[in-house]
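Read the structure below first, then the notes.
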Amino acid sequence: MPETPPYQPPQLTRLSVGRMGKHRVLDVLAAPTLDARWDVAALLEKFGSPVFLVVEDVLRDLYRGFRDTFTAPGIRTRVAYSYKTNYLPAVCAVLADEGAWSEVVSGMEYALARALGTPPAHIVFNGPYKTHAELETAMGEGALVNIDGFDELDAVEQVARSLRRKVRIGVRVGVRHGAHGWTKFGFGYEAGDARRALQRIARARHLDLVALHSHSGTFNRDPGIYASSVKAIIELARLARRLDLAPTIIDVGGGFPSSNRLKPAWDTPGRRAETNGLAEYADAVLTPVSRAKDVFGGTPTLILEPGRAVVDAAAFLASTVVAVKNEPSHGPAVVIDAGVNILPTAYWYDHPVEAIVNDRTVGEPRPTRIYGPLCMQIDVVRDRAPLPPLKVGTPIVLSNVGAYCLSQSMQFIQPRPAVVLLGKEQAEVVRRRETWRDVFALDVVPDRLRRAADAF
Ligand SMILES: Cc1ncc(COP(=O)(O)O)c(C=O)c1O
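Position 100, counted from 1, in the sequence shown is what our numbering calls 93; the numbers after and before it change by one each time, with no gaps.
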């Protein structure tokens, strides 16, 4: 008897097609679009294809919108931008210019924040691994170090003793949210580790507990996650006060969603695919904090560490169709010159796609697979993008690529593209395009293996 294939539930993908400007075809109505005053073909011509485009005004607007949403009377709101999301120095500099603090998770990021002029008091140092030397620098300079666990608490106490003065520290609390929560980080709340850490800090002569921190995941679709974290932090702050500690800072981390669209397989069942905005998240944080100001000394400082929510929609990836295919199994497909090595987020997002077509008589959109240029079958940048029949040379713009693309991109098979900052008037290169020599700049071929014609 032939084997029956396992039941596959049907998947419905909404193909919404809108016209943007005269010649633009876009597949997600709510997605950010590159302002039509920027001539994509001309940018590709000038800076090479592909090219990342960061729109400065959008970045500033996203930051301001985020900050204002989380602002309430009697609470000092501070936005510490999560460097790892996109530590392109120009992006960090724009956000610093807006007043953002820096949230860093390594000595490298700490050094970058300092090199870009961030005062140590405006740096939040998180993460599960900080070397002794990094702790010495950060604690010595007065940054806020959020301790991740008991071993790090030992190290921090040692550094504080050697500095011979009281140093400001925070405690990262791991609150469980559902079966698949982030369990790697912080002192467990439910297991009582966070309480034990506070008791130990209360006995340590050189530690000044100023902050309680909890970051609960990324692209969190449920504002209730923040409500439970804040509840746990408030309870711990009360305990801290009973232990004669005086925290003034509540840090709820990042994890707020952007306007990107998760692939159905990653999305929360039953929830709308589009983001509703951040108001519900702000309410989940601000309402309980407003009611518990006393446990943070009267005027709490609220630190937020957004990454994707403030940068994702500010960046676009412009690329070019290099081949057109028709696959027997999938139908129409195109190959573009930008792949998953520079767009790793394509594995879990359906990035909005726009084709810049000159011909008004282009055909009807049909679900089109977009491959990148890598010699790998998994190099699929987008599936079922509703695009009209395209020709080689057509510019393709992918949106919502500001988060985790540049910082997680790699030189796999292809060097990485330039990044251009689109300001009010000018387009400025903020990262030059790599050459093959850049990729191999750190490598050495031992003399004994060199050949006569070796130009390496
Ligand atoms: C401690 C911490 N803060 C902030 C962030 C930023 O997260 P997101 O980009 O989801 O806002 C992260 C990312 O995982 C993080 O680990």
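For glycine and all other residues, C-beta sits at the position ideal for the given N, C-alpha and C. Small disclaimer: the values here were computed from a predicted structure and weren't measured.
Original post:
Which residues, in chain order, sit with a beta-carbon under 5 Å away from any heavy atom of ligand 3?
Top reply: With respect to ligand 3, the structure offers nothing, as its ligand set consists of ligand 1.
Subject >> Inside the segment 212 to 247 only - alpha helix (DSSP H) runs reaching at least 4 residues >> reply: 217 to 235
**OP:** Can you grab the Cα-Cα spacing for the pair Asp237 / Ala307, in whole Å?
**Re:** 45 Å
Subject >> Residue environment, Glu96, which counts as buried when at least 16 other CB atoms sit within 10 Å >> reply: buried
Subject >> Selection from Asp90, Leu105, Gly100 that minimises the alpha carbon distance to Tyr80 >> reply: Leu105
Original post:
Rounded to a whole number of angstroms, what is the C-alpha to C-alpha distance between Val98 and Ser322?
Top reply: 44 Å
Original post:
Buried or exposed: which applies to Ser155, given that a residue is buried once 16 or more other Cβ atoms fall within 10 Å of its Cβ?
Top reply: exposed
**OP:** Measure from the alpha carbon of Val278 to the alpha carbon of each residue in Tyr219, Tyr397, Ala326, then state which is nearest.
**Re:** Tyr219
Original post:
Thinking C-alpha only, which one of Trp31, Asp54, Arg375, Leu200 is nearest Glu91?
Top reply: Asp54
Original post:
Which residue or residues does DSSP assign as beta-bridge partners of Gly411?
Top reply: Just to set this straight, residue 411 is Ala in the shown sequence, not Gly. Its beta-bridge partners are Val44.
**OP:** Consult DSSP for Glu49 and reduce its assignment to one of helix, strand or coil.
**Re:** helix
Subject >> Endpoints, beta strand (DSSP E) assigned at Ile194 >> reply: Run containing Ile194: none in the beta strand (DSSP E); it sits in the alpha helix (DSSP H), 186 to 196.
**OP:** Spell out the partners DSSP gives Glu320 in its beta bridges.
**Re:** Gly324
Original post:
Nearest-angstrom Cα distance between Val223 and Pro281?
Top reply: 7 Å
Original post:
Quick one: complete alpha helix (DSSP H) runs, 4+ long, within the segment 83 to 137?
Top reply: Fully enclosed alpha helix (DSSP H) runs of 4 or longer: 100 to 108, 125 to 134.
Original post:
For Ile406, which residues does DSSP report across the bridge?
Top reply: Its beta-bridge partners do not exist; DSSP assigns none.
Subject >> Short CB-CB distance (under 8 Å) between Ala230 and chain D >> reply: Protein chains in the displayed structure number just one, and chain D is not present.
**OP:** Go through its chain and collect everything with a Cβ distance to Arg426's Cβ below 6 Å, but skip five positions before and after it.
**Re:** Gly41, Pro410, Ala411
Original post:
Which stretch, first to last residue, makes up the beta strand (DSSP E) that contains Asp201?
Top reply: 200 to 206
Original post:
Which same chain residues, not among the five before or five after Thr361, have their C-beta less than 6 Å away from its C-beta?
Top reply: Within the same chain, Thr361 has close Cβ partners Pro325, Ala378, Leu380.
**OP:** Report yes if the C-beta distance between Tyr364 and Val328 is below 8 Å; otherwise report no.
**Re:** yes
Subject >> Glu357, DSSP secondary structure in three states >> reply: coil
**OP:** Going by DSSP, name the residue or residues bridged to Ile162.
**Re:** Val138, Leu202
Subject >> Nonlocal neighbours in the same chain, by C-beta distance under 8 Å from Phe59, ignoring five residues either side >> reply: Val72, Phe249, Leu271, Leu297, Pro299, Ala302, Val303
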